[in-house]
Structures are given as structure tokens and as C-alpha cells.
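Chains as they are written, first to last, in the numbering used here: chain W, 1 to 349; chain V, 350 to 698. Glycine included, every Cβ here is placed at the ideal spot set by N, Cα and C. Heads up, the thing below is written out as C-alpha cells.
Here it is as C-alpha cells:
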């Protein structure tokens, strides 16, 4: 469905999921275009980022941010274009990075907006390799992971926007890099296109044995994106002094209760103690916002010189967002998922 | 039994414990005095340190150090006096800190020995407040815990040699300090003698509720010595950005298997992610050996000015070591346990 100049489509949270989200948890509404007051800007959404953290916002429990309220528009990072402006700092036609959420149009007073230069990089990159996921990969790996040349770095979700970036930066730093991904096609991509030393399919029955074989000198850095059985396979392979940046736990997000069986918390603590592990969670802009320029400089250079490969999965249509998020939580995406809500040069309906 | 000039009593590891150690796991042997060759020194043990890590050495599994072999003398830090010397650097009568283990006499080539000045502090302090436990408390709290004035620091095993030191340093840094200990007497000591703001008896049925009430602004630093239910009570109270130095897990050392029930590992990881926790294990001399002087300077000043209180539990007789270690693992000690193997000024038998 084409973007309209008179209708504002919005996807709201209709109900909170129990376990995996369903289409029914979302509601697509048609509303009027918002109007702007003094000092305000009307933004048209072109690209909407889908990210695993959104599952957390759908629950009533506060994690690191407040949940989305029932009936409220789903949140999300967006690349938007200024349509109308009562703000001196923004002109119609300007491109900005905003947090407008799952809707065609939004109103801003300008705070928190970051202007984008459409000449310097594809606009959607601001939601991925040059934005939150890329920054997360960069700081998590370099500041918490502290990889040294010759060390072994294991990256979960190795073809996702964070994992693929972590893996390639680790290669640039001279590490042996072993990826973990869900599928043969993803693993082949990780080795052939991203240049990883090995990539293991966590759906293989002998996944743990393969991982051990691929890490003959143990694991020095494990970049945690997934949790669950992948983490349990990594744990015994960690070397003394290993570092674990904890960036995400996608395998847990849909869980409604703790698994039952052996309680492995004491096992983890024993590994932390006897191997002197560092396990550290982080939220990129809260912890590292002041170092964004450092990242942007390095990453722009790496992209320009072809040292970092970036894969995007562009999906057309705001109405595809719910199913795309549901699929991402099941590992069905391949690369950074971006919803194209409208055209960069709109053929308005 | 008095120390002899002709017999070397040694306590060896007779068998490996399943679960809690028993007297049968140890064997007291009488042997001849060792003789020294060129460049060697004969040392007489006066004080033997007992520490929780010794339980780990009794198991066949390598933790951070090699296990004690069956039939070998139990390891341990000791304050010893030079009896005879073929080494230019050591004279009979010199006091040295050594790692001579559970025996009356030992031979050294001088490597790793640290000379002690009997005038500067009680000799046994080198095994406690001025030695490994004090150094562990100092670096674990200050380097990993990074306490800031006004923050809440929770310390497990708050009257043990490490915990009591952590707690008092945290008070010196202007923190609210809440201890956890196993017994009313220990808790009273922690508040009245050590100056803690509160101390909770983990044997109380409403322990978790008491802890929560004592930490109205949450927990910023949790110094982990014990693991188990204490850690589980702390976990939900941790603030965003909290730090957890992992120094020991005494409640787990005698475990023969993982507990069964809910697997709380995913819960811990979720806390680490959403609260941006830092959880870090450390082994004091491996990680911080190069910063010993800094510690020794600060701690000597604090002791001299009465800012740090130190409680020792001196137990007479090498033959008491097995039962004392067994009791320590059950939390029966009160303060730093030191076995007086011989007199400082020997009345030799």
C-alpha cells in the first residue's frame, strides 16, 4: 500500500503477547495527517528499523526502557524526511534520523533529531551499520571485549546487523573469528562474504562439538546476542580472562517462564570465578553516547574502503512490519531488517 | 602437641572428599626433619592460614590452580622462621611469608619468599589483613566494585577476613554498607565493631525481605563471596550499572551436583543485560600482583590509625587444621582462621 498525503497509517500495540508475538497483538489504523504548531516539524517516514529489543517493549515489564502502552504506536528508529516545518533549523526536504515509530507521519519539536546527508551513504544505513546496531557492535567488541590479535572471538547471530559487524571488526583486529548462525546459507555467507574463519549452524545436532573443534585455542571473547543453548556451548570453552559483552538474548525474549531442570546459575558463577571472566551488559547510547564520533569516523572509513560488508533486508510496506518482527524473533531474517515505509522520492497515491 | 626439633609433622590429602570434607580425607604423618642442600633454607612453620579456596585444591578438577595430589602435603600460606640457611639472603631467625603448607618444616630455595618485619605488625597479619585476604578485599572492592560515596555496597560473609575488610573500606569511601553473615553474633559484631550500617543474618527466614528493607536505594556493589541463596536475594535489588566482583562462592564448594528446579542462568543473564551489570571474577595475585605496594601502603596506614578493625581466630596445633577447615566451610569460623603450628619463641619439646 502506497503512502498517502492525507492518511497517516499507524501500527499500534493492540494487546501484549504471551510468548511469541502474533499478528493480533498489532493493529493497523488509518488516521488523519497530524498538524504542526509553532516550532514543530512534520516528518514522513521512509525507513523503519526493526530490532529485537522491540519485543521487550511489547511486555508490561520495564526492562531498560518503559514498555509501549496498549493502543500506543509501536516505537522504532526511523529515517524521515521533513514535509513541513515551523522550525528554523529544519527545511522541507531535509533528511533526519528520528525515533518516529511504526507510522507514516509524525510530529517533532526538533529535539533528538539528527540530520542525515543523503550523499555520504545510503540513507537506510543510519538505522544499521552507521547507526545503533553498528555502534553497538563497535563499542561492545572494542571496549568490553578488548580483542587482541591472535585471540579467538566467537560471535552469536553472526549474520545479523550487530553480529556481522562485530565479526568483521574482530577480523580487522587480527583475531580468529568463529560465527554462530541459524542456517547453512547464513554460515556460508559469514565465511565467504564476511571473511570469518568458521561459522557453525546452531541447528546442527553436533553444534557443540563443531564449535569446540573450531576453537582449538579456546574462546577469549564471546559477543552475546542470543543466550540459551548457544551460551551453554560457549561456556566450557572460555579461556581464563575471557570477556563477554552482553548485548542481547534473543533466544529468551519470547520465553514465558524459566526452563526447568538443572539450575546452571551456580555453574556460570563458578566459571566466572575460576576463569576470571568479565561479563558485562551494556545499552549503547546510555553507556557510550559520548563516543559516537569515534565510531562514525572509523566505520565510515571502513565502509568507504570496502573493509566492512553490510547486508540489508529491505521489506516494502509498513503493513509488513508485524510479520517481519515476528519472523526476526524466530531467526528468519538474513541481515539488517528495514521496512521501506515510503519511497525516498515519493510517487504519492 | 608441641613442635619438635626432630620430627616433621605433615598433613596430607589421604582421599578426595565427595561433598563436605571429613577428617578421613586427611592424614597426619610424622616424618624426619628435611635436610637442606646448597642454596637452600630450612623453614619452621609458626602460622598456617586456612582459606576457603583450599576446598577446591582437594578436588581432582583443576579450578584456577592445580589440585593437591593424593598423598601430598596440603597447601597453604604460612608465616615461617628460618632455622638453617645455605642461602646468602636469609639468616637463621629471619621471618618470612611462604607457601609451605600444612607441615612443621619445609625447605625452600628462597624463591617466592617475602621477608616480614616482626616490629611493624603482628606476624600473623601477613596471612590476613596485610596479606592475601586483605589485598583481595582492597582490589576487588576498589578496582572492580568502584564504589562511590553515597552508593550502597552489600558484602557477603561480612565478618570473614575478606568481607570484613571490604565492608570497612567501603565505609571509609562513604558508602552505605550492608553485611550478610550467618548468625546474630556475627551481625552484631559487624554493626557494632566494624561500623556497618546494617547486617542481615542469612539464616533468618525473612532474610530476603530484611535485605530489601536494608537497601532502600537498591544495591550498587555486591561483593560476592558465597553464592547460592544470598546471591539470589541480591539479584533483584541490583541497580542499573551495578558491579559484582566475584571473589568466592563458599556455599557451592561442597556441592556435588547442580541444584534441580528452575534454571536461573537465563534470569541472571537478563539482569546483566537489562541492568547493564558488570560481573567479574578475579584471582588476586594473578590479576593485581603488580599493585601490592599500593594496597600495603593504604592498609598499613588504616591499621595504624585504627580505621580498620581486624579479627583473628587463632587455633593452636597443626592437628586442628582439618577440623578447622571443615568448620570454616560450614561457616563456623568467626574472623580470620589462623592455625598456630608453633610458638614465635619456641619452647621446643
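Check whether the Cβ of residue i lies closer than 7 Å to any Cβ atom in chain V.
{"i": "residue 223(W)", "result": "no"}
{"i": "residue 279(W)", "result": "yes"}
{"i": "residue 284(W)", "result": "no"}
{"i": "residue 252(W)", "result": "yes"}
{"i": "residue 262(W)", "result": "yes"}
{"i": "residue 243(W)", "result": "no"}
{"i": "residue 154(W)", "result": "no"}
{"i": "residue 276(W)", "result": "yes"}
{"i": "residue 63(W)", "result": "yes"}
One question on the structure: do residue i and residue j come within less than 7 Å of each other, judged by their Cβ atoms?
{"i": "residue 519(V)", "j": "residue 528(V)", "result": "no"}
{"i": "residue 234(W)", "j": "residue 222(W)", "result": "yes"}
{"i": "residue 633(V)", "j": "residue 514(V)", "result": "no"}
{"i": "residue 567(V)", "j": "residue 586(V)", "result": "yes"}
{"i": "residue 108(W)", "j": "residue 77(W)", "result": "no"}
{"i": "residue 145(W)", "j": "residue 243(W)", "result": "yes"}
{"i": "residue 36(W)", "j": "residue 86(W)", "result": "yes"}
{"i": "residue 299(W)", "j": "residue 134(W)", "result": "yes"}
{"i": "residue 280(W)", "j": "residue 589(V)", "result": "no"}
{"i": "residue 750(V)", "j": "residue 265(W)", "result": "The first residue shown for chain V is 350 and the last is 698, placing residue 750(V) beyond what the model contains."}
{"i": "residue 377(V)", "j": "residue 429(V)", "result": "no"}
{"i": "residue 575(V)", "j": "residue 505(V)", "result": "yes"}
{"i": "residue 684(V)", "j": "residue 662(V)", "result": "yes"}
{"i": "residue 199(W)", "j": "residue 152(W)", "result": "no"}
{"i": "residue 675(V)", "j": "residue 370(V)", "result": "yes"}
{"i": "residue 577(V)", "j": "residue 557(V)", "result": "no"}
{"i": "residue 631(V)", "j": "residue 276(W)", "result": "yes"}
For residue i and residue j, what's the separation of their Cα atoms in angstroms?
{"i": "residue 388(V)", "j": "residue 470(V)", "result": "29 Å"}
{"i": "residue 114(W)", "j": "residue 83(W)", "result": "16 Å"}
{"i": "residue 344(W)", "j": "residue 324(W)", "result": "21 Å"}
{"i": "residue 45(W)", "j": "residue 168(W)", "result": "30 Å"}
{"i": "residue 56(W)", "j": "residue 461(V)", "result": "53 Å"}
{"i": "residue 508(V)", "j": "residue 176(W)", "result": "45 Å"}
{"i": "residue 33(W)", "j": "residue 9(W)", "result": "9 Å"}
{"i": "residue 400(V)", "j": "residue 598(V)", "result": "12 Å"}
{"i": "residue 352(V)", "j": "residue 622(V)", "result": "56 Å"}
{"i": "residue 375(V)", "j": "residue 604(V)", "result": "19 Å"}
{"i": "residue 682(V)", "j": "residue 268(W)", "result": "27 Å"}
{"i": "residue 581(V)", "j": "residue 512(V)", "result": "18 Å"}
{"i": "residue 481(V)", "j": "residue 635(V)", "result": "12 Å"}
{"i": "residue 311(W)", "j": "residue 161(W)", "result": "8 Å"}
{"i": "residue 260(W)", "j": "residue 606(V)", "result": "15 Å"}
{"i": "residue 294(W)", "j": "residue 142(W)", "result": "12 Å"}
{"i": "residue 119(W)", "j": "residue 173(W)", "result": "29 Å"}
{"i": "residue 499(V)", "j": "residue 230(W)", "result": "39 Å"}
{"i": "residue 459(V)", "j": "residue 651(V)", "result": "31 Å"}
{"i": "residue 63(W)", "j": "residue 247(W)", "result": "13 Å"}
{"i": "residue 206(W)", "j": "residue 380(V)", "result": "53 Å"}
Does any C-beta atom of chain W lie closer than 7 Å to the C-beta of residue i?
{"i": "residue 698(V)", "result": "Because the pLDDT of residue 698(V) is 45, which lies under 50, any placement of that residue in the model is unreliable, and the number read from its coordinates should be weighed accordingly. No, because no Cβ of chain W sits closer than 7 Å to the Cβ of residue 698(V)."}
{"i": "residue 677(V)", "result": "no"}
{"i": "residue 488(V)", "result": "no"}
{"i": "residue 441(V)", "result": "no"}
{"i": "residue 383(V)", "result": "no"}
{"i": "residue 608(V)", "result": "yes"}
{"i": "residue 364(V)", "result": "no"}
Identify the contact partners of residue i in chain V, using a Cβ-Cβ distance below 7 Å as the criterion.
{"i": "residue 272(W)", "result": "595, 628 and 630"}
{"i": "residue 227(W)", "result": "615 and 618"}
Against residue i, what residues of chain V qualify as contacts under a CB-to-CB distance less than 8 Å, listed in chain order?
{"i": "residue 287(W)", "result": "625"}
{"i": "residue 249(W)", "result": "615, 618, 619 and 622"}
The segment 354-369 of chain V in contact with the segment 70-86 of chain W per 3-pair CB rule at 8 Å: Judged by pairs of C-beta atoms under 8 Å, the segment 354-369 of chain V does not touch the segment 70-86 of chain W, as fewer than three such pairs exist.
Meets three-Cβ-pair contact criterion under 8 Å: the segment 447-456 of chain V and the segment 471-482 of chain V: At 8 Å Cβ cutoff, the stretches do not touch.
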